[in-house]
Amino acid sequence: MPANTWNFRSVRELRRAHVEAVVEVDFGAGPHRMTPWTTALDLRAVVPATGPVDWAELDRLPNLSTVSWSGADRGLAEAVARHPQIQYLEWFDAEGDLDLRQTATVRLWINCTRVTSLLLPATMITLLLQGPHEGLRVETQDQRYGMGLHLQTGGAEVVVPAGLRETPVVRLNLGGELSVTALEPFTNLRELTLDFEAPPGRLTDLSLFAQHPGLFQLCLINAYDVDPAPLPDLPFLSSVELIGTRAEIAERLRERFTGRARPEVTVRYARPSGNQGAAAPVESP
Numbered sequence: 042m043p044a045n046t047w048n049f050r051s052v053r054e055l056r057r058a059h060v061e062a063v064v065e066v067d068f069g070a071g072p073h074r075m076t077p078w079t080t081a082l083d084l085r086a087v088v089p090a091t092g093p094v095d096w097a098e099l100d101r102l103p104n105l106s107t108v109s110w111s112g113a114d115r116g117l118a119e120a121v122a123r124h125p126q127i128q129y130l131e132w133f134d135a136e137g138d139l140d141l142r143q144t145a146t147v148r149l150w151i152n153c154t155r156v157t158s159l160l161l162p163a164t165m166i167t168l169l170l171q172g173p174h175e176g177l178r179v180e181t182q183d184q185r186y187g188m189g190l191h192l193q194t195g196g197a198e199v200v201v202p203a204g205l206r207e208t209p210v211v212r213l214n215l216g217g218e219l220s221v222t223a224l225e226p227f228t229n230l231r232e233l234t235l236d237f238e239a240p241p242g243r244l245t246d247l248s249l250f251a252q253h254p255g256l257f258q259l260c261l262i263n264a265y266d267v268d269p270a271p272l273p274d275l276p277f278l279s280s281v282e283l284i285g286t287r288a289e290i291a292e293r294l295r296e297r298f299t300g301r302a303r304p305e306v307t308v309r310y311a312r313p314s315g316n317q318g319a320a321a322p323v324e325s326p
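Numbered per the working numbering, the sequence shown spans residues 42 to 326.
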């Protein structure tokens, strides 16, 4: 029998063992069977609704990198800190004072409507906040010049927690309109994305971008009602991108920077003026 046939059989058996291997975990709500190669786990489905959680069961899932959770901490932060391979955390209906400083979290999505304080680790790269409020206290272990901030406002007022105002990379998911005045709290903007999730996609007071001289990338998504003319000359602005707009607005933006090497203007999904579907949002990239 050719040697490569033996190699094939070995690989086939290895794959079968990978599929058939299971571990039984019991976080306190009864046993659940899963593979030890599990990388993502919704903890809400396997822990008791109340009472203690046996977090030691995470040891049985050495490849786990992503977890979903809901409600109060109940020992989650400490458990994640003991398992540094868990780097992606999704937290629904979070509440209280949350301390993640000892974890290795890289990406955190959190609904913080009922959170009073949030302490972040130095490993954080992307923070997605839903429902931030005026009383929310956020602290980082350094200036976080490399961290990206994604705020989901749900169409409400833009609230920027004090501890995040120096974040350089910012994305706002908005309702139907925004004044650039709302960006005033940001003191170190470098890359900005504004995503309008409802009509009319109106952006006003563009002249106030002059308060952000370090901005070098600007992306507007579903901005169907914006006048590019007041956009000031920013010394480092190298890229302006429109994703979903009217052809007339796209043309005015190109005219605004005609004859200049910078910024580079990119337009996608521009719709002809008068198109009845012009205000329909395109899917965000």
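We put the beta carbon where it would ideally sit given N, CA and C, even for glycine.
For residue i and residue j, what's the separation of their Cα atoms in angstroms?
| i | j | result |
| --- | --- | --- |
| F133 | T154 | 10 Å |
| T299 | R243 | 24 Å |
| D246 | Y310 | 24 Å |
| R178 | L149 | 16 Å |
| T46 | M165 | Here the model assigns T46 a pLDDT of 45, short of 50, so the residue's position is not dependable, and the following value carries that caveat. Going from the Cα of T46 to the Cα of M165 covers about 47 Å. |
| G318 | Y265 | Reliability of the predicted coordinates at G318 is poor, the pLDDT of 47 falling under 50, and no value is obtained from them. |
| A163 | L205 | 14 Å |
| P313 | G176 | 44 Å |
| D100 | A81 | 14 Å |
| Q171 | S111 | 14 Å |
| T167 | L272 | 28 Å |
| R19 | G92 | With the chain represented from 42 up to 326, any question about residue 19 goes unanswered, as that position is not in the structure. |
| H191 | A97 | 32 Å |
| V281 | V308 | 9 Å |
| S220 | E292 | 22 Å |
| A90 | V66 | 16 Å |
| L159 | Q143 | 13 Å |
| D173 | R295 | For the sequence presented, residue 173 should be read as Pro rather than Asp. Roughly 36 Å separates the two Cα atoms. |
| F237 | C260 | 11 Å |
| R85 | G116 | 14 Å |
| V211 | H124 | 29 Å |
| E119 | F277 | 43 Å |
| T79 | V306 | 43 Å |
| L161 | T222 | 28 Å |
| A70 | D83 | 14 Å |
Verify whether the separation of the beta carbon atoms of residue i and residue j is less than 8 Å.
| i | j | result |
| --- | --- | --- |
| Q126 | L105 | yes |
| L181 | G216 | A quick correction: the sequence has Thr, not Leu, at residue 181. In this structure, G216 does not lie closer than 8 Å to T181 by Cβ. |
| Q252 | E232 | no |
| F68 | V94 | yes |
| P226 | V201 | yes |
| L249 | L275 | no |
| R74 | V88 | no |
| P254 | R297 | no |
| T146 | L130 | yes |
| G137 | V156 | yes |
| S279 | P241 | no |
| T228 | E198 | no |
Is DSSP giving residue i helix, strand or coil here?
| i | result |
| --- | --- |
| I290 | helix |
| V121 | helix |
| W132 | strand |
| Q252 | helix |
| R301 | coil |
| D95 | coil |
| E180 | strand |
| R312 | strand |
| E198 | coil |
| G172 | coil |
| R115 | coil |
| E296 | helix |
| V63 | coil |
| A90 | coil |
| D138 | strand |
| L329 | Outside the displayed range of the chain (42 to 326) lies residue 329, so it cannot be described from this structure. |
| D266 | strand |
Assuming residue i and residue j make a contact with CB atoms under 8 Å, what is their CB distance in whole Å?
| i | j | result |
| --- | --- | --- |
| I262 | I290 | Incorrect: roughly 13 Å between the Cβ atoms, too far for contact. |
| P213 | L235 | A quick correction: the sequence has Leu, not Pro, at residue 213. Contact holds; Cβ gap of about 5 Å. |
| L102 | P77 | 6 Å |
Between which two residues does the beta strand (DSSP E) holding residue i run?
| i | result |
| --- | --- |
| I151 | 148 to 152 |
| W110 | 107 to 111 |
| T234 | 232 to 237 |
| Q258 | 258 to 262 |
| G189 | 189 to 193 |
| A203 | Run containing A203: none; DSSP gives neither H nor E here. |
| L223 | The residue you asked about is not Leu; residue 223 is Ala in the sequence shown. A223 -> no beta strand (DSSP E), and no H or E assigned at all. |
| N214 | 210 to 215 |
| R327 | Not covered by the structure: residue 327. The range shown for the chain is 42 to 326. |
| T245 | 243 to 245 |
| M75 | 73 to 75 |
| T157 | 155 to 160 |
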